[in-house]
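Protein sequences appear in the order of chains A and B. Heads up, the first sequence is in our numbering, so the first residue is 5 and it goes up one at a time. Heads up, the second sequence is in our numbering, so the first residue is 5 and it goes up one at a time. Here a beta-carbon is modelled for each residue, glycine too, at the ideal position from N, C-alpha and C. This structure is a prediction, so every number in the text was calculated from the model and none was measured.
Protein chains: 2
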Amino acid sequence: MPEQTEMPDAAQPDSPYAQLLAELRELAVLNSINSTLGWDQEVVMPPAAAALRGEQAAVLSTLIHDRRTSTRMGDLIAACKADAELKADPETDANLRRLRRDYDRAVRQPTELVREIAEVSTLAMHHWKDAREAGDFGAFAPWLEQLVKLNRDTADALGVPEGGEVYDALLENFEPGMRAAELDRVFGELRGGLVPLIRELRENGSRPDTEWMRIPLATEVQVAFNRSVVERMGFDFGAGRLDVSTHPFCEGAGPGDTRLTTRYEETELLSALHSTMHETGHGLYEQGLPKDRRFGQPLAEAASMGIHESQSRMWENFVGRSRPFWEWALPELKRHVGDGAVSGLDVDTVFRGLNVVEPDLIRIESDEATYNLHIMLRFDLERAMLRGDLSVADLPGVWNERMKSDLGLDVPSAREGVLQDIHWSMGAIGYFPTYTLGNLYAAQLWDALRVDLPDLDDQLRRGEFGGLLGWLRSHVHVHGRRYTAPELCERATGRPLSHEPLLRYLEGKLRPVYGLV
Amino acid sequence: MPEQTEMPDAAQPDSPYAQLLAELRELAVLNSINSTLGWDQEVVMPPAAAALRGEQAAVLSTLIHDRRTSTRMGDLIAACKADAELKADPETDANLRRLRRDYDRAVRQPTELVREIAEVSTLAMHHWKDAREAGDFGAFAPWLEQLVKLNRDTADALGVPEGGEVYDALLENFEPGMRAAELDRVFGELRGGLVPLIRELRENGSRPDTEWMRIPLATEVQVAFNRSVVERMGFDFGAGRLDVSTHPFCEGAGPGDTRLTTRYEETELLSALHSTMHETGHGLYEQGLPKDRRFGQPLAEAASMGIHESQSRMWENFVGRSRPFWEWALPELKRHVGDGAVSGLDVDTVFRGLNVVEPDLIRIESDEATYNLHIMLRFDLERAMLRGDLSVADLPGVWNERMKSDLGLDVPSAREGVLQDIHWSMGAIGYFPTYTLGNLYAAQLWDALRVDLPDLDDQLRRGEFGGLLGWLRSHVHVHGRRYTAPELCERATGRPLSHEPLLRYLEGKLRPVYGLV
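Here you go:
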């Protein structure tokens with residue numbers, strides 16, 4: 005293998021920094037193996053191989069954990085941090101600061117606690133599936149209680165950031181540098197504008213037609229159309245794939261290997277497209293990270309889950325539900341379908357139909373606007389549970405009240421309510437807010453890039469995505485984790501995170517869709 | 005993960021034997037990861053991921069090698085070997101004897117030599133590809149010289165078995181317990197019968213029609229037909245897959261995960277079938293090894309490459325080119341094809357056409373009879389090179405002479421001659437004979453199982469393969485590496501390896517095919 009790791013001049017072949025980079029690369033290679041096995045499991049693995057796959061993951065995870073938390077790793081980081089020459093290079097300095105932080109957090113978590121969470125969540129996921137099926141929250145409650153407690157223990161072990169609260173210790177796992185109080189503020193402002201907007205659309209607007217979505221389309225035609233869009237967006241199929249899985253995902257295993265999945269329903273004309281564009285947004289970010297030179301280093305990793313989600317949401321919604329995009333995409337779709345089944349469709353019908361706002365009990369079925377209310381609900385409730393302000397027993401009641409007051413919906417059963425998501429059963433607390441952060445960052449980046457690309461709409465009308473992708477590459481992808489998400493946002497857009505761009509974007513798009521001025 | 009490792013009563017949870025079994029299982033899990041990555045590489049990997057895959061394989065191989073040759077492993081084996089109670093259990097005793105042998109061989113190979121062979125063969129394969137393309141043996145000769153020398157060094161390091169020759173040290177890698185002198189004897193006897201048989205068929209027989217093979221068939225129909233045959237043969241698709249790759253192979257990664265590949269040509273009616281049946285033969289062996297209980301132990305591994313090949317050849321040729329099989333398979337094929345394209349075909353035409361004997365320059369294009377002459381040629385030449393009786397420079401001349409005298413063919417270029425196979429460029433010497441050993445073992449097993457299954461032909465005529473598979477399971481698969489291949493042969497068939505069953509089988513089938521009595 006050629007040694008592709010880039011080193012500053014200060015790093016001699018046997019220097020601590022060179023040794024550290026070599027160790028990081030091997031760790032990343034081990035992680036990439038886990039990623040490839042994960043893809044295999046979801047896409048091609050024979051059912052009977054599940055137990056073997058579990059053993060493989062366990063062996064690899066132990067190897068990886070031991071090396072991530074080794075004394076040698078700690079010593080190498082300390083030696084490098086003490087080197088003034090390394091500190092003088094801003095990129096290297098950023099690399100080392102991120103490594104120090106990751107290492108400190110990794111060693112702070114007692115191995116026993118990590119193992120207990122893994123064991124309990126494996127069982128909890130199992131019980132959650134049955135409980136959801138039966139709509140029986142009581143059967144899941146004891147597991148959730150355990151997981152909330154274990155998350156509190158984890159937060160204690162990790163330590164609460166200065167001036168923060170217990171939730172912040174967990175939020176750091178997904179959104180380094182973000183704080184619950186800041187989320188609370190931005191989410192509150194967004195909510196203040198969203199709730200009346202949604203009400204006005206539904207009370208005074210005219211609901212777009214969505215019947216056309218039920219035009220059936222053979223899977224192989226959908227596959228070809230989806231693939232052509234993904235390719236056009238700039239995804240490199242020489243360094244990636246697009247396959248089918250039950251739950252769509254994107255796996256960026258390492259340099260040259262980024263894999264997307266989607267799923268098709270023959271009864272729906274565009275069943276897969278937006279999910280495919282979403283995953284492609286993730287995939288373009290993975291392909292844009294500087295992994296060729298820096299695989300294994302923080303500088304080649306995503307800034308945060310929220311920034312990752314901003315990339316997927318931008319392509320899915322800001323592009324994929326825009327009128328200019330459909331001026332290019334509808335003729336493309338007609339060309340793929342061939343026969344007359346969609347010849348009567350026009351851009352206006354498709355654009356308006358794709359932007360219907362309709363409160364739904366299920367988060368993942370929700371539109372661009374109401375989706376954020378689902379997230380705020382989850383953020384508020386998990387934060388309250390962690391604080392001890394909300395007991396697990398009271399959770400379904402509070403959930404149902406909030407669904408009524410926020411979205412006007414009665415929750416018929418826990419299956420369509422508090423049990424709908426897998427996240428808590430996996431022991432993940434602090435993850436949900438990254439979804440709305442993705443929307444917020446996407447809107448704010450969209451505002452900024454439209455200033456730099458004044459003819460973006462014309463480019464989209466021609467199916468030209470290179471200008472957009474190029475901007476994202478140079479303003480977001482290339483930096484990896486050099487900056488935290490809040491820093492990156494401010495650098496790329498000139499201002500700190502705000503609710504305004506997202507609200508303005510939704511108002512500007514949805515009011516005309518509903519015939520309001 | 006449930007602990008599925010079976011232990012004799014003597015093995016207490018913390019006993020050396022229990023520790024040894026746990027270590028072996030983890031090693032097997034690491035190996036299985038390499039297998040899955042290997043499958044991925046050949047079947048689905050994006051081209052740009054090749055470098056990452058190389059790094060993954062290197063990291064894993066180092067981990068595996070270090071643990072296979074660790075002092076701890078040696079100590080555990082020694083402690084178990086010294087335990088009289090363990091020795092008293094015949095299966096455990098066999099397990100320990102194989103482990104001792106494997107360990108001794110692994111530690112005897114200097115790490116430097118292993119690395120040098122890996123490096124040289126990587127380059128040699130590259131140069132071999134170019135040299136073959138150009139038909140330029142001179143461009144490959146220096147690499148082959150190095151590889152022959154490195155193989156001689158390896159043989160020296162491994163040690164020549166008592167009473168054997170240098171070739172035997174390498175043959176042990178693929179066919180434990182077999183000796184070059186024994187191969188020489190059996191091959192010689194086979195050759196003594198084969199050469200006149202082939203001559204007579206071609207000079208006095210009437211060549212069957214093969215024009216029908218060129219009936220085209222759409223890939224999707226071939227896929228469905230092949231899959232139905234594989235399923236009918238008894239391959240468990242819940243614990244395996246059938247995909248497409250450039251070079252067909254079978255990867256038995258571990259319990260519940262055995263994957264086959266094949267390839268299709270739309271211009272040929274049965275382009276994939278025999279290759280598919282061949283790989284399925286390997287796959288049925290892998291699925292029949294007792295991996296559920298003993299994964300990682302020699303008792304769950306294949307006895308030898310020759311025995312593995314006997315399973316693939318039996319299904320490919322003894323079944324797949326037999327008349328009874330086609331009495332079932334031809335109606336099946338017609339049912340899959342549907343339209344009239346094959347309605348005129350009859351069993352006799354297909355059976356005879358599939359058994360044409362025709363000397364071919366290319367080994368892998370050769371028929372059941374002449375194929376063995378290709379193998380004998382390679383065995384004789386690689387053995388002579390290793391001994392120092394044949395120089396690399398003289399190799400093409402000797403090759404071409406032998407092709408003329410054995411098969412009556414003039415070799416137009418090294419591309420169709422000495423450069424056609426990848427094996428030597430990979431540094432593999434001692435592998436070729438396992439192909440003809442597979443044919444020999446298959447014939448001898450076939451003789452024995454027909455005694456136990458007197459109505460086998462009727463079963464095949466009905467497409468019932470359970471009787472055959474059951475016999476192979478209980479006489480071959482279930483034993484793993486408990487016996488060496490020669491021991492297993494004698495146990496399953498009641499006599500030592502002989503050329504007679506194969507020769508008798510070929511004469512009995514081919515003379516009537518050619519209209520001779």
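Of the residues B:434, B:271 and B:504, which one's Cα is nearest the Cα of residue 192 of chain B? B:504
Going along the chain, which residues of its own chain have a beta-carbon closer than 6 Å to the beta-carbon of residue 485 of chain A, five neighbours each way excluded? 102, 302, 305 and 307
To the nearest angstrom, report how far apart residue 5 of chain B and residue 392 of chain A are at their CA atoms. With a pLDDT of only 36 at residue 5 of chain B, under 50, the local geometry of the prediction cannot be trusted, and the value read off the model is given with reservation. Computed Cα separation, rounded: 34 Å.
Residue 57 of chain B by DSSP, collapsed to three states: which one? helix
Residue 75 of chain A versus residue 288 of chain A - alpha carbon distance: 36 Å
Using only the alpha-carbon positions, how far apart do residue 97 of chain A and residue 90 of chain A sit? 6 Å
So, are the CB atoms of residue 310 of chain A and residue 412 of chain A less than 8 Å apart? no
Consider the Cβ of residue 60 of chain B: report whether some Cβ of chain A lies at a distance smaller than 8 Å. yes
For residue 261 of chain A, three-class secondary structure by DSSP: strand
Would you mind telling me which residues of chain A sit closer than 9 Å to residue 405 of chain B, beta carbon to beta carbon, in chain order? In chain order: nothing, as chain A lies at least about 42 Å away.
Can you give me the C-alpha to C-alpha distance between residue 366 of chain A and residue 189 of chain A, rounded to a whole angstrom? 25 Å
By the 9 Å beta-carbon criterion, what residues does the stretch 251 to 263 of chain B contribute toward chain A? 257, 258, 259, 260, 261, 262 and 263
Residues of chain A with CB closer than 7 Å to the CB of residue 36 of chain B, please, in chain order. 56 and 60
Evaluate residue 509 of chain A with the Cβ neighbour count: other Cβ atoms within 10 Å of its Cβ, from every protein chain shown; 16 or more gives buried, anything less gives exposed. buried
At a Cβ threshold of 8 Å, is residue 172 of chain A touching chain B? no
Residues bridged to residue 175 of chain A (per DSSP): BP columns for residue 175 of chain A are empty, so no partner.
So for residue 256 of chain A, helix, strand or coil by DSSP? strand
Any C-beta of chain B within less than 7 Å: which residues of the stretch 21 to 47 of chain A qualify? 30, 33, 34, 36, 37, 40, 41 and 44
Beta-carbon neighbours of residue 244 of chain B, restricted to chain A and to distances below 7 Å: 50
Answer yes or no: does any C-beta atom of chain A fall closer than 8 Å to that of residue 53 of chain B? yes
Among A:292, A:389, A:155 and A:498, which residue has its Cα nearest to the Cα of residue 481 of chain A? A:292
Mind checking residue 13 of chain A: buried by the 16 CB within 10 Å criterion, or exposed? In this prediction, residue 13 of chain A scores a pLDDT of 48, lower than 50, which makes its location untrustworthy; no coordinate-derived value is stated.
Coil, strand or helix - residue 247 of chain A by DSSP: strand
Mind listing the chain A neighbours of residue 124 of chain B? Cutoff is C-beta to C-beta under 8 Å, in chain order. Neighbours of residue 124 of chain B on chain A: none; closest Cβ ~16 Å, over 8 Å.
Using C-beta distances below 8 Å, list every residue in its chain close to residue 124 of chain B, excluding the 5 sequence neighbours before and after it, in chain order. 147, 150, 151, 154 and 431
Beta-carbon separation (whole angstroms), residue 226 of chain B vs residue 185 of chain B, contact threshold 8 Å: In fact, because the Cβ distance is near 44 Å, the residues do not count as touching under 8 Å.
Taking residue 269 of chain B as the reference, give the member of B:257, B:251, B:295 and B:263 with the closest Cα. B:251
Are the C-beta of residue 63 of chain A and some C-beta of chain B separated by less than 8 Å? yes
From what residue to what residue does the alpha helix (DSSP H) around residue 1 of chain B run? Outside the shown range of chain B, which is 5 to 521, sits residue 1 of chain B, and nothing can be said about it.
Got a sec, what are the start and stop residues for the alpha helix (DSSP H) residue 294 of chain B sits in? Here residue 294 of chain B belongs to no alpha helix (DSSP H), and DSSP marks it neither H nor E.
Close-in-space but distant-in-sequence residues of the same chain around residue 414 of chain B (CB under 8 Å, 5 per side omitted): 404, 407 and 408
Alpha-carbon spacing of residue 397 of chain A relative to residue 433 of chain A, whole angstroms: 17 Å
Taking just the CA atoms, how far does residue 279 of chain B sit from residue 262 of chain B? 16 Å
Taking the straight line between their C-alpha atoms, what separation do you get for residue 502 of chain B and residue 448 of chain B? 8 Å
Outcome for residue 210 of chain B when other beta-carbon atoms lying within 10 angstroms are tallied against a minimum of 16: exposed
What is the residue span of the alpha helix (DSSP H) that residue 147 of chain B lies within? 141 to 162
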